[in-house]
Amino acid sequence: MPHSQTSESAIHRRLAEIHRRHLSNTSGQVATYIPELAKADPNAFGIAMATLDGTVYEVGDSRQPFTIQSISKPFVYGLALEDRGQEHVLKRVGVEPTGEAFNSIVFDERGNRPFNPMVNAGAIATTAMVAGDSHQHRLNRILDLFQRFAGEPLTIDEAVYRSEKSTGHRNRAITYLELNSNMIEEPVEEHLDLYFRQCSILVTARHLAIMAATLANNGVNPVTGERALEPRYMRNLLSVMCSCGMYDFSGEWIYRVGLPAKSGVAGGIVAVLPGQFGIGVFSPPLDVQGNSVRGIGVCEDLSTHFSLHLFDKNMPLSVALRRSYRCNQVRSKRMRRPSHQAILDQAGSKVQVHVLQGDLFFASMERVIRHMASELTDVKYLVLDGRHISRLDASAQSLLADDFQHLGEAGVKLLFAGLPHLLRVELLLDTKLPWSMHDFVDSIDEALEWCEDRLIEQAERAGDGDAGLITLSEMDIAAHLDAEELDLLSSLLVRRSFAPGETIIREGAAADEVFMLIAGSATISVQVPGNNRRRRLGAVGEGVTFGELALFEGGTRSADVIADVPTECFVLPVAALHDVAPEKPNLLVKLLRNVGRTLSRRLRQANAEIRTLD
C-alpha cells in the first residue's frame with residue numbers, strides 16, 4: 001500500500017541532513033514581479049521524494065501550498081501533444097534552448113515559432129493548443145490533468161491568478177505578437193487567461209514529487225495507479241525538461257545535476273530520474289535566473305551523493321530482494337549440543353538474513369533498505385547474502401553505507417556474506433565507505449555460524465547456557481542412559497586429542513568408530529574434483545556425535561572431518577559395543593534410538609529450511 005515515509009529510514013535521514021545543510025542559506029530574493037508572490041515566506045523550505053511503488057519521503061515544509069507557476073509547462077505540453085499530435089505541436093513550438101530569460105520576447109524566426117515550450121512564449125502557444133468545447137471545458141481538462149499527476153484534486157489560488165492577470169503585460173505582449181505572426185489563433189484572451197490560471201494552481205513539494213514520479217513511471221501515478229498521460233509522450237516531456245527546463249541555467253544544470261527538471265518562480269523545482277523516482281523542492285528565494293537557490297542546492301547534493309546523474313549508467317528496476325528469513329528458521333550447518341540448540345530456538349530470531357540479487361542501484365537499494373527497516377524488530381545481527389548480486393552501483397553503495405552506519409549506531413551488526421570477489425574488493429578499496437574486512441565473510445553459512453556463536457556466548461555470560469568441558473552424560477548420543485549404562489559406555493570409550501588441521505576422519509576410510517566431540521571444533525568437508533579446493537559441508541561443535549552411521553552399516557567414510565582448533569573426542573569402537581551387546585542389549589538399543597532421534601530432528605530442521613528457502 002503506498003504510504004508516506006517520515007520515520008528514520010536511510011532516505012529520510014539523508015533528506016533531513018540536506019535540509020539542515022541548506023536551511024541556513026538565506027541568499028536569493030523572493031519573486032516580486034507578481035505582487036502576490038512577494039508575500040511568500042522566504043524561510044519556507046520543504047523537500048519530498050516519491051518512489052515508483054508510491055512511497056513518499058518528506059522533510060520540512062513539504063505540504064505548504066504555493067503556486068506551480070512555470071512547473072506547469074511540461075505537463076500542459078504533454079496534454080497538447082495528446083490533443084494535437086507531435087507533428088502539429090512541433091510546427092508551432094520548437095524544442096531548442098534559447099539561453100535567454102524565461103519571459104524574453106524572442107522567437108525562432110526561421111521556424112516562425114517560439115523556441116521551446118519551457119519559456120513563456122512557448123508555454124502560451126502550448127496552452128493555446130489544449131482542446132475543448134469552451135473556456136471552462138479547457139480549464140477543466142487542465143485541472144483534471146494535474147489531478148491525475150498529483151493524485152488528488154488541485155485548486156487555483158484566485159489571488160495569485162488576479163495578480164498575474166492584472167500585471168501580466170509582458171505575457172500579453174508575447175501573446176499578441178504570436179497572434180500577429182500567425183503562431184497562434186484566436187481567442188487570444190482565452191488562451192492567456194488559461195495560461196494565468198494554470199500557473200496559479202496550488203501545489204506542495206509532496207505534489208511535485210508525486211508528479212515527477214509519475215513522469216519517472218512512464219506516465220502512471222505510482223500512488224493512485226492512474227495513467228496521467230500517454231507513455232509515448234514521456235520521452236518528449238523529459239527531453240525538453242533536460243534541455244530547457246531550468247531557463248538559461250539549463251546547460252549548467254544538466255552538466256552538474258543531470259536530471260530532467262523544471263523550476264517555477266514561486267520557488268518550486270521538480271526533478272525526475274526516469275525509472276526510479278521523482279523529487280519536489282519548495283523554497284521561495286530565487287537566484288538571478290529565477291530558480292530556487294535552496295532547490296538547486298538540494299538537487300545538486302542528492303545527485304552528487306547518490307550518483308544520480310542521468311548519464312551515469314542506471315539499469316531497469318528489478319526485484320532486488322530474493323527472500324528474507326531469521327536464524328530460528330534457517331540455521332548454519334554447525335551441529336550443536338542440545339543446550340545450544342535450545343538457546344538458538346529462543347534467540348535465533350535476533351539474526352535476520354536478506355538475500356539480494358541482480359543489479360542494485362538507487363531505487364532497488366532504497367526498497368531493500370526500506371524492507372530491512374521494517375523487519376528490524378528484536379534484530380541484533382543483520383546479514384546480507386550477496387551471492388546473487390551482479391552489480392552494486394555507486395548510488396547503492398552510498399545508500400548502503402549510510403544504513404550501515406545507522407545500524408551500527410542502533411546496536412545492530414551488519415555482515416556481508418558471499419559477495420562476488422571483485423565486488424568485495426571494490427567495496428573494501430573505497431576508503432570513504434565505513435566497513436572493514438571484518439564485516440565480510442565468505443559464505444552465508446559462515447555468517448550464520450558467527451551470529452549463532454555470538455548469541456550462545458551472550459546467553460552463557462547471562463547464565464542461560466552451559467559452558468565448560470562436556471561430560472559424557474551431556475552428549476546427544478547418551479541421552480536417557482541410566483548410571484549403569486553410562487558407566488558401561490564410558491568403559492568402552494577411548495579419549496583422543498587432535499591438533500588444529502589434523503584429520504579426525506578421512507574420506508574412504510573404514511567406518512568402524514563413533515566420535516563424540518567434548519572440546520574444540522571440527523569441519524566436515526570434501527575435496528572438489530578438478531582443483532585443490534575443499535567444499536565445506538558442515539561443522540561439529542561440543543556435545544555432538546559424528547561418524548554415527550558406523551553403528552548401522554559400517555562401510556567407508558563419505559567425507560573428511562578436520563579439527564579447527566585443539567580438539568578432544570571420546571571414541572567408541574563399534575566392535576567393542578557389539579562385544580557387550582549380547583549381555584547388555586539395552587545399551588545398543590538406546591544408542592541407536594538416540595542417533596535416530598538426532599537424525600530425525602535434523603531432517604525436520606532441513607524440511608523447515610527447504611520450505612523457508614523455496
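Per the UniProt record's numbering, the very first residue in the sequence shown carries number 1; after that it's consecutive. Even glycine gets a Cβ: it sits at the ideal position worked out from N, Cα and C.
When we look at the beta-carbon of residue i and count the other beta-carbons within 10 Å, is it buried (16 or more) or exposed?
{"i": "S521", "result": "buried"}
{"i": "M437", "result": "exposed"}
{"i": "S27", "result": "exposed"}
{"i": "P153", "result": "exposed"}
{"i": "G554", "result": "exposed"}
{"i": "N221", "result": "buried"}
{"i": "G280", "result": "buried"}
{"i": "G501", "result": "exposed"}
{"i": "L286", "result": "buried"}
{"i": "L613", "result": "exposed"}
{"i": "E409", "result": "exposed"}
{"i": "H207", "result": "buried"}
{"i": "Y161", "result": "buried"}
{"i": "D61", "result": "buried"}
Which residues does DSSP list as the beta-bridge partners of residue i?
{"i": "R227", "result": "V220"}
{"i": "F311", "result": "BP columns for F311 are empty, so no partner."}
{"i": "I505", "result": "V561"}
{"i": "Y325", "result": "V353"}
{"i": "Y195", "result": "DSSP, once it has assigned bridges, lists no residue as partnering Y195."}
{"i": "L517", "result": "V544, C569"}
{"i": "V281", "result": "I47, I269"}
{"i": "Q29", "result": "L286"}
Under 8 Å by Cβ, that's how I've got residue i and residue j pegged, so tell me the actual separation to the nearest angstrom.
{"i": "R391", "j": "D359", "result": "4 Å"}
{"i": "R334", "j": "Q605", "result": "About 12 Å; that fails the 8 Å criterion."}
{"i": "F416", "j": "L376", "result": "Between L376 and F416 the Cβ distance is about 17 Å, and since that is not below 8 Å, they are no contact."}
{"i": "A213", "j": "L52", "result": "6 Å"}
{"i": "V368", "j": "L302", "result": "Not a contact, Cβ separation roughly 19 Å."}
{"i": "E457", "j": "I518", "result": "Their Cβ separation, rounded to whole angstroms, is 19 Å, which puts E457 and I518 out of contact at 8 Å."}
State the Cα-Cα distance for the pair residue i and residue j, rounded to the nearest angstrom.
{"i": "L599", "j": "Q527", "result": "24 Å"}
{"i": "A123", "j": "A31", "result": "19 Å"}
{"i": "R63", "j": "I47", "result": "9 Å"}
{"i": "E82", "j": "S70", "result": "20 Å"}
{"i": "D476", "j": "E449", "result": "20 Å"}
{"i": "P585", "j": "L493", "result": "17 Å"}
{"i": "L587", "j": "L489", "result": "8 Å"}
{"i": "L238", "j": "D312", "result": "17 Å"}
{"i": "E17", "j": "H305", "result": "12 Å"}
{"i": "S398", "j": "T55", "result": "20 Å"}
{"i": "N607", "j": "M372", "result": "26 Å"}
{"i": "K73", "j": "G295", "result": "18 Å"}
{"i": "residue 627", "j": "L455", "result": "Lying outside 1 to 614, the shown extent of the chain, residue 627 is not represented and no answer is given."}
{"i": "V272", "j": "N217", "result": "10 Å"}
{"i": "L433", "j": "L400", "result": "9 Å"}
{"i": "F277", "j": "A563", "result": "53 Å"}
{"i": "L23", "j": "L310", "result": "26 Å"}
{"i": "L344", "j": "R227", "result": "50 Å"}
{"i": "E189", "j": "F196", "result": "10 Å"}
{"i": "A40", "j": "I34", "result": "11 Å"}
{"i": "Q341", "j": "V425", "result": "35 Å"}
{"i": "S9", "j": "H480", "result": "52 Å"}
{"i": "residue 619", "j": "L356", "result": "Coverage of the chain is limited to positions 1 through 614, which leaves residue 619 absent and any answer about it impossible."}
{"i": "N43", "j": "K91", "result": "43 Å"}
Please state if the CB of residue j and the CB of residue i are separated by a distance shorter than 8 Å.
{"i": "I524", "j": "A559", "result": "yes"}
{"i": "P114", "j": "M211", "result": "no"}
{"i": "V514", "j": "G547", "result": "yes"}
{"i": "R326", "j": "G348", "result": "yes"}
{"i": "H406", "j": "R13", "result": "yes"}
{"i": "D393", "j": "S307", "result": "yes"}
{"i": "A266", "j": "C299", "result": "no"}
{"i": "R84", "j": "M129", "result": "yes"}
{"i": "L192", "j": "T175", "result": "yes"}
{"i": "A125", "j": "E87", "result": "no"}
{"i": "L551", "j": "L486", "result": "no"}
{"i": "V351", "j": "C451", "result": "yes"}
{"i": "V412", "j": "V441", "result": "no"}
{"i": "G219", "j": "M241", "result": "no"}
{"i": "L79", "j": "I156", "result": "no"}
{"i": "I389", "j": "L419", "result": "yes"}
{"i": "V540", "j": "V574", "result": "no"}
{"i": "N116", "j": "C244", "result": "yes"}
{"i": "R557", "j": "R506", "result": "yes"}
{"i": "V293", "j": "S283", "result": "yes"}
{"i": "G268", "j": "V223", "result": "no"}
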